[in-house]
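**Q** Sequential numbering of the sequence shown, starting at 68, is according to our numbering.
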Amino acid sequence: MSSPDYSTKIAALEAALASGELTVESDGDRVTYRSVKDLTDALSYFRSRQDALASPLGAQAPFGFSAASFCRE
């Protein structure tokens, strides 16, 4: 199974936002958003999904690990 490509949806949402349209068509789907805020929320969602796919798996972890060492010479 291949990773989804969100670039088409992002481009369509950006074009709609620039033109003031609330109806967006991409990949055979047609969505009418209720407000500009809903449209920008969708744009943020698809950008975050695309960023998550592009980042290394370890960078997606919600927690981290660090260790300190001390050496008295």
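Cβ coordinates follow ideal geometry from the N, Cα and C atoms, glycine included.
Here the structure is a predicted model, which is why all the values come from computation and not from measurement.
Taking 8 Å as the threshold (C-beta atoms), are L106 and Y80 in contact?
**A** Inspection of the sequence shows that residue 80 is occupied by Leu rather than by Tyr. Against a cut-off of 8 Å, the Cβ pair of L106 and L80 comes out as a contact.
**Q** Please report the straight-line C-alpha distance between K76 and D108, rounded to a whole angstrom.
**A** Each residue's Cα considered, the two are about 13 Å apart.
**Q** For D118, name the three-state secondary structure that DSSP assigns.
**A** Note: D118 maps to helix in three-state DSSP.
**Q** With S43 as the anchor, note down where its alpha helix (DSSP H) starts and where it stops.
**A** The first residue shown for the chain is 68 and the last is 140, placing residue 43 beyond what the model contains.
**Q** Mind checking which residues open and close the beta strand (DSSP E) that includes D96?
**A** Segment 96-99, the beta strand (DSSP E) holding D96.
**Q** Excluding the five sequence neighbours on either side, which residues of its own chain have a C-beta within less than 8 Å of the C-beta of L84, listed in chain order?
**A** The residues are V103, L106, T107, L110.
**Q** Considering only residues of the same chain and omitting the five flanking positions on each side of V93, which have a CB-CB separation below 7 Å?
**A** Looking at the sequence provided, one finds Ser at residue 93 rather than Val. Excluding positions up to five away in sequence, the list reads T75, K76, A79.
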